[in-house]
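Asks: With this note's numbering applied, the sequence shown has no gaps in its numbers, which climb one by one up to 428 at the end. Can you keep this structure in mind? I'll have questions shortly.
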Amino acid sequence: MNTNDIISLDKEYIASTYGRLSLAPAYGKNATLYDAEGKEYVDFTAGIGVNSLGIAPEKWREAVCAQLQKIQHISNYYYSEPTATLAKKLVAASGAKKVVFQNSGGEANEVAIKVARKYSFDKYGAGRHKIITLVNSFHGRTVTTLSATGQDVFHKFFFPFTEGFTHVPANDIEALKKELDGTVCAIICEAIQGEGGVNVLDSEYVSAISKICLDNDILLIFDEVQTGIARTGKIFAHEHYNVNPDVFTLAKGLGGGLPIGACVLSEKCESVFNPGDHGTTFGGNPAVCAGANVVFDTVNDNAFLDSVNEKGEYIKNAVRSWELPCVKEVRGLGLMLGIEVSISHKEAVKKCLENGLMMLTAGKNVLRMLPPLTITYEEIDKGLAILKGVLSGYQN
Ligand SMILES: *Cc1c(COP(=O)(O)O)cnc(C)c1O
């Protein structure tokens, strides 16, 4: 099928929940994709930070296929080696104690919310269930994680939303303190707000909320669905802040392209769930976990993490050196980067695509880059040349 046929088929049969861009990638290698007509695209998106090791990486493919030739799925009523092995790695790298596997970021956050509420219920009884999240956060699309998400655009149509969430501006500790009324069981934050605009949390703020959580037996939850698994140049983004969250969630980059979510529990809440308290049919699928083990082994390496940081600095320095009038700020850590622009971010992304570069938006005015962590400098230079050409076309 050619690109136009695929687009027509999609428009006829798939419910229109996305404003899709006119590209149907057919195949690729690392950070280079091709459509059915053979047109080449440089990928600064990695499927929203999912394809950590790029398109169809060999070791990952081999591990997934080898597992598929043994067993593709077993019920969570039984045990699975790749699943347990992956959990061990996540625990060893974080100092946490237990993992709950799911299929997506939103689901992993649902688990975090359930853990926080049950932890508090078990210890303090009913009523201590309020969860504080940050303005401009994004935590998922389920009815509960939409409640958790601190953006009003997501609080429409689907009433009634789950109760018990309140949103405070990021980096404003006084605003957060005002919400501490004895009913709070958890605070959820992203180290870098991804969808909200690539906004990096201040160190002092994170230290302050960590202390508040410790002093008041409130669970500190890091939503690392986008920031986790080396995306920011550390295995987990909370390492940038020297804090130990009670709970953190992973998803996007963990599976290397297959659906997975994980909620990681520290000692404080490792025993909150008992058999029957939570479940999932697909979560922790052996083939997905076989691939995730390869992703984890590849990125959990100091030389690899250094390379992520070096590439990130290289991209930031390049964009800053252009000194373009439409570029207000370049920010982010590792390969989670944002360019705040004074122009329409959506239009700029469209123009990039027309010229062979896949880019993402974030927030109201940010161009976001989440390339595969394995992107080569050659691919980076190709992509940056296209980006420079597009942004140079704007006068302000
Ligand atoms: C993408 C994202 C989610 C939602 O993940 P899904 O897999 O789409 O459910 C939650 N939190 C953050 C920070 C995200 O970036």
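For every residue, glycine included, the Cβ atom is placed at its ideal position computed from N, Cα and C. Values in this document were obtained by computation on a predicted structure and should not be read as measured data.
Indicate whether the contact test is met: 3 or more Cβ pairs, each with one atom in the region 357-370 and one in the region 401-408, closer than 8 Å.
Replies: Cβ pair count under 8 Å is three or more, so yes.
Asks: So, Val-296 versus Ser-126, is the Cβ gap smaller than 8 Å?
Replies: To locate residue 296, count along the sequence shown from 1; it is residue 264. To locate residue 126, count along the sequence shown from 1; it is residue 94. Yes.
Asks: Could you tell me the boundaries of the alpha helix (DSSP H) in which Ile-241 lies?
Replies: Here residue 241 refers to the residue found at position 209 when the sequence shown is read from its first residue. Start and end: 235-248.
Asks: If the criterion is Cβ atoms closer than 8 Å, does the pair Leu-118 and Ala-324 meet it?
Replies: By one-based count along the sequence shown, residue 118 stands at place 86. By one-based count along the sequence shown, residue 324 stands at place 292. Taking 8 Å as the Cβ cut-off, Leu-118 and Ala-324 qualify as a contacting pair.
Asks: If you measure between the beta carbons of Gly-182 and His-199, is that distance less than 8 Å?
Replies: By 1-based counting over the sequence shown, the position of residue 182 is 150. By 1-based counting over the sequence shown, the position of residue 199 is 167. Yes, the pair counts as a contact, with Cβ atoms nearer than the cut-off.
Asks: As a quick exercise: from His-377, Gly-315 and Tyr-409, pick the residue whose alpha carbon is nearest that of Ser-112.
Replies: Sequence index remark: in the sequence shown, residue 112 carries index 80 (1-based). Among His-377, Gly-315 and Tyr-409, the Cα nearest to that of Ser-112 is on Gly-315.
Asks: Enumerated in chain order, which unbroken segments of the beta strand (DSSP E) with a length of 3 residues or greater are wholly contained in the region 257-304?
Replies: You should have 279-282 and 293-297.
Asks: Would you mind listing the alpha helix (DSSP H) stretches within the region 94-153 that are 4+ residues and don't spill past its ends, in chain order?
Replies: Here the runs fully enclosed are 113-126.
Asks: Quick one: measure Cβ to Cβ for Tyr-273 and Cys-217, integer angstroms, because I've assumed they're closer than 8 Å.
Replies: Within the sequence shown, the letter at position 241 stands for residue 273. Within the sequence shown, the letter at position 185 stands for residue 217. At roughly 21 Å, the Cβ-Cβ gap does not stay under 8 Å, so Tyr-273 and Cys-217 are not in contact.
Asks: For the candidate residues Asn-248, Ile-103, Ala-223 and Tyr-237, whose alpha-carbon lies nearest to that of Ile-261?
Replies: As a position in the sequence shown, residue 261 is number 229, starting the count at 1. Comparing Cα-Cα distances from Ile-261 to each of Asn-248, Ile-103, Ala-223 and Tyr-237, the minimum goes to Ala-223.
Asks: Which first and last residues belong to the beta strand (DSSP E) in which Tyr-45 is found?
Replies: On the sequence shown, position 13 is the one that residue 45 refers to. Counting along the chain, Tyr-45 falls outside any beta strand (DSSP E), though it belongs to the alpha helix (DSSP H) covering 35-45.
Asks: Any chance the CB of His-171 is under 7 Å from a heavy atom of ligand 1?
Replies: Position 139 of the sequence shown, counting from 1, holds the residue named residue 171. The answer is yes for His-171.
Asks: Just to check, is the beta-carbon of Gln-183 closer than 7 Å to a non-hydrogen atom of ligand 1?
Replies: Sequence index remark: in the sequence shown, residue 183 carries index 151 (1-based). No - ligand 1 has no heavy atom lying nearer than 7 Å to the Cβ of Gln-183.
Asks: Is Gln-427 buried or exposed, if buried means 16 or more other CB atoms sit within 10 Å of its CB?
Replies: Here the question's residue 427 lines up with position 395 in the sequence shown. With fewer than 16 other Cβ atoms within 10 Å, it is exposed.
Asks: If I measure Cβ to Cβ from Phe-336 and keep anything under 8 Å in the same chain, skipping five residues before and after, which residues do I get?
Replies: Position 304 of the sequence shown holds residue 336. The residues are Ala-262, Thr-330 and Leu-405.
Asks: When burial is assigned at 16 or more other CB atoms within 10 Å of the CB, is His-171 buried or exposed?
Replies: Within the sequence shown, residue 171 is the residue found at index 139, counting from 1. That one is buried.
Asks: If you reduce the DSSP assignment to three classes, tell me which class Arg-52 lands in.
Replies: Along the sequence shown, one-based indexing puts residue 52 at 20. Three-state DSSP puts Arg-52 in coil, outside helix and strand.
Asks: Measure the beta-carbon distance from Ile-205 to Ala-240 and round it to whole angstroms, keeping in mind my assumption that it falls under 8 Å.
Replies: In the sequence shown, residue 205 corresponds to position 173, counting from 1. In the sequence shown, residue 240 corresponds to position 208, counting from 1. About 5 Å separates the two Cβ atoms, so the contact holds.
Asks: If you drop the 5 nearest sequence neighbours on each side, which residues of the same chain put their C-beta closer than 7 Å to that of Leu-356?
Replies: Indexing the sequence shown from 1 puts residue 356 at position 324. Same-chain partners within the cutoff: Leu-423 and Ser-424.
Asks: Output needed for Asp-75: all residues of its chain with C-beta closer than 6 Å, excluding positions within five of it in sequence on either side, in chain order.
Replies: Reading the sequence shown from its first residue, position 43 is the one you call residue 75. Closer than 6 Å at Cβ, skipping near neighbours: Ala-63, Leu-65 and Met-390.
Asks: For the alpha helix (DSSP H) containing Thr-330, list its first residue and its last residue.
Replies: Position 298 of the sequence shown holds residue 330. Per DSSP, Thr-330 belongs to the alpha helix (DSSP H) from 318-331.
Asks: Give the secondary structure of Thr-176 by DSSP, where H, G and I count as helix, E and B as strand, and everything else as coil.
Replies: As a working note, residue 176 is residue 144 in the sequence shown. In this structure, Thr-176 counts as helix in the three-state DSSP scheme.
Asks: Taking the C-alpha atoms as reference points, what is the distance between Ser-169 and Tyr-109?
Replies: In the sequence shown, residue 169 corresponds to position 137, counting from 1. In the sequence shown, residue 109 corresponds to position 77, counting from 1. About 35 Å.
Asks: Leaving out five residues on either side along the sequence, give the residues of the same chain with a beta carbon under 6 Å from the beta carbon of Lys-130.
Replies: One-based indexing of the sequence shown puts residue 130 at position 98. Counting only Cβ-Cβ distances below 6 Å, and skipping sequence neighbours, we find Leu-297 and Glu-302.
Asks: Under 7 Å from any heavy atom of ligand 1, does the C-beta of Val-232 make it?
Replies: Translated into the one-based positions of the sequence shown, residue 232 becomes position 200. Answer for Val-232: no, Cβ out of range of ligand 1.
Asks: Straight-line CA distance for Ala-322 to Asn-341?
Replies: Within the sequence shown, residue 322 is the residue found at index 290, counting from 1. Within the sequence shown, residue 341 is the residue found at index 309, counting from 1. Approximately 26 Å, taken between the alpha carbons.
Asks: Thinking Gly-395 and Gly-229 are a contact (beta carbons under 8 Å), I'd like their distance in whole angstroms, please.
Replies: On the sequence shown, residue 395 is found 363 positions in, with the first residue counted as 1. On the sequence shown, residue 229 is found 197 positions in, with the first residue counted as 1. That pair is a contact at about 3 Å.
Asks: What are the boundary residues of the beta strand (DSSP E) that His-377 is part of?
Replies: Taking the first residue of the sequence shown as position 1, residue 377 is located at position 345. Counting along the chain, His-377 falls outside any beta strand (DSSP E), though it belongs to the alpha helix (DSSP H) covering 377-386.
Asks: Where does Glu-361 sit, in a helix, a strand or coil, going by DSSP?
Replies: Translated into positions along the sequence shown, residue 361 becomes position 329. Glu-361: strand per DSSP, three-state reduction.
Asks: Helix, strand or coil for Glu-211, going by three-state DSSP, please let me know.
Replies: Along the sequence shown, read from residue 1 onward, the residue named residue 211 stands at position 179. Here Glu-211 sits in coil by DSSP.
Asks: Under the three-state reduction of DSSP, which class applies to Val-422: helix, strand or coil?
Replies: Sequence index remark: in the sequence shown, residue 422 carries index 390 (1-based). Three-state DSSP puts Val-422 in a helix.
Asks: Ligand 1 heavy atoms versus the CB of Glu-142: any closer than 7 Å?
Replies: Mapped onto the sequence shown, residue 142 falls at position 110. Not under cutoff, so the answer is no.
Asks: Compute the distance between the beta-carbons of Leu-282 and Gly-293, then report whether it is under 8 Å.
Replies: Start at 1 with the first residue of the sequence shown, and residue 282 comes out as number 250. Start at 1 with the first residue of the sequence shown, and residue 293 comes out as number 261. It is a contact, given that the beta carbons lie within the stated cut-off.
Asks: With distances taken between CB atoms, is the gap from Ala-444 to Val-257 smaller than 8 Å?
Replies: The requested residue 444 does not occur in the structure, where the chain is confined to residues 33 to 428.
Asks: Consult DSSP for Asp-255 and reduce its assignment to one of helix, strand or coil.
Replies: Along the sequence shown, one-based indexing puts residue 255 at 223. It is a strand residue.
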